[in-house]
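Read the structure below first, then the notes.
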Amino acid sequence: MSISLNVEPASIQVNATGGTVTMNLTNTGHERLAFKIKCNNNSLYMFKPVLGIIGMGQNRQVDVVRSYGSAGDSKLVINYLPAPLGVYDPKIPFAKSNTTPMTVTIPIKAVTQEINAPTPAEVANQTSYVGTLVPQAPM
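If you use the UniProt record's numbering, the sequence shown corresponds to residues 1 to 139, in order.
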């Protein structure tokens, strides 16, 4: 028997101001597997789900949720092990295994989005105005 995990996309780019990217994990091996996701920057990233079991030939979507923060590089590591039949808690294979889990490393790049100033023509054609309200002094 063998286990194999395919992850798409192979790298992730997300807006530094926040957002969500969906990854697909596909079990391309010949037995069930349990996975666990770790990240080097848990203050900015959250994963849904963090743990799971994937049957043979099945896939699982994982949401990578980025919080607001500065641009930069991070990485996530997906650990995976065989999950015997009858095991439904993905924590059990990791707790009871004497073998080192197999891993897939996915680089994450958080980028800033450029905000372009309006052109003079766009300013001239502007049909609305947002101003600042200044309170009046009491009389």
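In this text, a Cβ means the ideal position worked out from N, Cα and C, and glycines have one as well.
In this text, all values refer to a predicted model and were calculated from it rather than measured experimentally.
Determine the closest residue to residue i out of the options, with distance taken between C-alpha atoms.
{"i": "Thr28", "options": "Ser2, Leu44, Gln13", "result": "Ser2"}
{"i": "Met56", "options": "Gly72, Asp89, Lys36, His30", "result": "His30"}
{"i": "Leu33", "options": "Ser67, Asn59, Thr112, Thr20", "result": "Asn59"}
{"i": "Gly18", "options": "Lys38, Ile54, Ala71", "result": "Ala71"}
{"i": "Pro9", "options": "Lys36, Leu76, Phe35, Leu44", "result": "Leu76"}
If we call anything under 7 angstroms between Cβ atoms a contact, is residue i one with residue j?
{"i": "Thr26", "j": "Asn40", "result": "no"}
{"i": "Gly52", "j": "Pro90", "result": "yes"}
{"i": "Ile78", "j": "Ile12", "result": "no"}
{"i": "Tyr88", "j": "Phe35", "result": "no"}
If you draw a straight line from the C-alpha of residue i to the C-alpha of residue j, how long is it?
{"i": "Gly69", "j": "Met46", "result": "13 angstroms"}
{"i": "Ser97", "j": "Thr103", "result": "15 angstroms"}
{"i": "Lys48", "j": "Pro120", "result": "44 angstroms"}
{"i": "Thr22", "j": "Phe94", "result": "24 angstroms"}
Could you tell me whether the Cβ of residue i comes closer than 7 angstroms to any Cβ of chain D?
{"i": "Glu31", "result": "Considering every chain present, this structure includes no chain D. It has just one protein chain."}
Taking contact to mean at least 3 C-beta pairs separated by less than 8 angstroms, is the stretch 49-63 in contact with the stretch 97-110? no
At 4 residues or longer, and completely inside the UniProt domain "MSP" (4-130): list those alpha helix (DSSP H) runs for me, N to C. 91-96, 120-124
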